[in-house]
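In the numbering used here, the protein residues as written are 122 to 617.
First the structure, in the form of structure tokens, and then the observations on it.
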């Protein structure tokens, strides 16, 4: 079992490693995309700042090429003043063009091995000959740059100082030389989605995937558990045919499955022996019993009156033996589940009346009260229901002092027949034992009653195959109360 559990853990471990590697790859890809987006943002700032510096004549073309990440070329001699309108056209970020009045003035190509030069361009722009107000206005005109006035006390004595770099913002401190208002320049270089949020989402997805993997593994175990449960229920119901090959092919519960399969095979072998024994009883015992009957009938005609009483006693013993064989056969078939039940609408009143009339000799000294409440039609196998009720009534007649009460009731879910007597009753601790085959309780209720201990066991099996049960309680008459209950909807139409 330890190896099987290790196999389960190994599945989860391997799945966890695969999920972890997938997360690592996703985070690496995300970082590359994030840094690529940062580069694009910086290149865009470089292009826009270069265009502004060239428009304002603050840097010449050669100076731009010295500081910019792009290699700029002049495409037209079109006049371009500080008041001219311009825009940047991107073929892709590696090739850009600066248009003035609809004409291409400058074109730039990205120098791949050169680092981003936003800080250099800003430094040369901020120390250029442009006025303080012009510099502030130009910085404010850039979409990706924001300005925030601050107190410069305690700042380093430099004109432009890189204060902080965060994943999304490049922050610089600008302190003008003439003592004018100091500014914090923030350059937005972040991606639309924060990388920390994206990583958190990836981690959550990884945890969800791992939980799903664990759930799938345990779902497989639950399916096997449900299969074993189904088989054990079939065994508990005494089904004659058990499933073969319950072995767990995946190995998770291999040892348990092998043991279970071995047990199932052993039970099938025992059931087969039981069937063979029942058939042997049917063929081997009934024939000599019939011969005994015939022989006793012949002897009756040839013996004198002194021996006739003994012959009659022997006939009674033979009849008891025949009854025992019949009950053993019936119980064996009910326990095994090979009797076919024919469910049909039948009258409970007619069944009860028939039982009382047929056993008039045994019941004539007792007050038998039958009460049927409501519709007396029930859905049942008439023959076996007749036998179950007859066994209960005859069982009550053995212990009743004077009265047997039979009551039929019904509701929307079930039918119920209560059979009560005014005898000694059954102790609570012995009530489950009366349904055990051949069980004889050591009390006054059973010592003088005779019987073989199969009648109530047969009743219980008939109730079971009707989707019901037999309950025992104390009767208001002072004796025992047997309640035969069966469902309107959960009966079985066949035992085969």
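All C-beta atoms in this analysis are idealised placements derived from N, C-alpha and C, irrespective of residue type, glycine included.
Note that the coordinates shown come from a computational prediction; the quantities given were computed from them, not determined experimentally.
First and last residue of the uninterrupted alpha helix (DSSP H) at residue i
i	result
residue 519	503 to 520
residue 478	469 to 479
residue 292	Careful: residue 292 lies outside any alpha helix (DSSP H), inside the beta strand (DSSP E) at 290 to 295.
residue 462	Unbroken run through residue 462: none, as it is neither H nor E.
residue 216	Where residue 216 is concerned, there is no enclosing alpha helix (DSSP H), although the beta strand (DSSP E) it sits in stretches over 216 to 221.
residue 554	That residue, residue 554, is in no alpha helix (DSSP H); it is neither H nor E in DSSP.
residue 241	239 to 247
residue 258	253 to 262
residue 576	576 to 586
Other residues of its chain near residue i: CB distance less than 7 Å, five sequence neighbours each side excluded
i	result
residue 148	320, 323
residue 513	540, 580, 603, 605
residue 402	446, 449, 450
residue 442	410
residue 338	129, 132, 133
Candidates the options: closest to residue i by CA position
i	options	result
residue 542	526, 352, 556, 532	526
residue 472	220, 239, 442, 508	508
residue 483	162, 518, 596, 146	518
residue 260	274, 272, 243	243
residue 492	405, 511, 524, 528	528
residue 296	396, 253, 262	253
residue 216	164, 185, 476, 421	164
residue 175	157, 160, 195, 161	195
Enclosing beta strand (DSSP E) for residue i [first to last residue]
i	result
residue 269	266 to 271
residue 560	No beta strand (DSSP E) contains residue 560, which DSSP labels as neither H nor E.
residue 228	224 to 231
residue 488	488 to 493
residue 538	535 to 542
residue 309	303 to 309
residue 610	Careful: residue 610 lies outside any beta strand (DSSP E) and carries neither H nor E.
residue 496	Run containing residue 496: none; DSSP gives neither H nor E here.
residue 547	Neither: residue 547 is in no beta strand (DSSP E) and is coded neither H nor E.
residue 595	589 to 595
Integer Cβ distance of residue i from residue j, believed to fall under 8 Å
i	j	result
residue 332	residue 308	That belief does not hold up - the Cβ atoms of residue 332 and residue 308 are roughly 41 Å apart, past 8 Å.
residue 607	residue 535	7 Å
residue 466	residue 500	6 Å
residue 326	residue 246	In fact, because the Cβ distance is near 45 Å, the residues do not count as touching under 8 Å.
residue 432	residue 419	Wrong, their Cβ atoms sit about 10 Å apart, outside the cutoff.
residue 515	residue 538	Not confirmed; about 14 Å, so no contact.
Cβ neighbours of residue i in the same chain (closer than 6 Å, five flanking residues each side left out)
i	result
residue 269	305
residue 479	none
residue 548	none
residue 218	210, 225, 228
residue 140	327, 330, 331
Proximity test, Cβ basis, 9 Å: residue i and chain C
i	result
residue 490	Absent from the structure is chain C; it holds one protein chain and no more.
Same chain, Cβ closer than 8 Å to residue i, neighbours up to 5 away in sequence not counted
i	result
residue 521	487, 542, 543, 544, 600
residue 316	151, 152, 155, 288
residue 241	188
residue 592	603, 604, 606
residue 439	410, 413, 414, 417
residue 110	For residue 110 there is no data in the structure shown, the boundaries of the chain being 122 and 617.
residue 452	558, 575, 578, 579, 582
residue 257	268, 304
Legend entry - 4 or more residues per run - each alpha helix (DSSP H) lying fully within the segment 401 to 451: 407 to 423
Legend entry - In chain order, each beta strand (DSSP E) run of at least 3 residues that lies wholly inside the segment 169 to 202: 191 to 195
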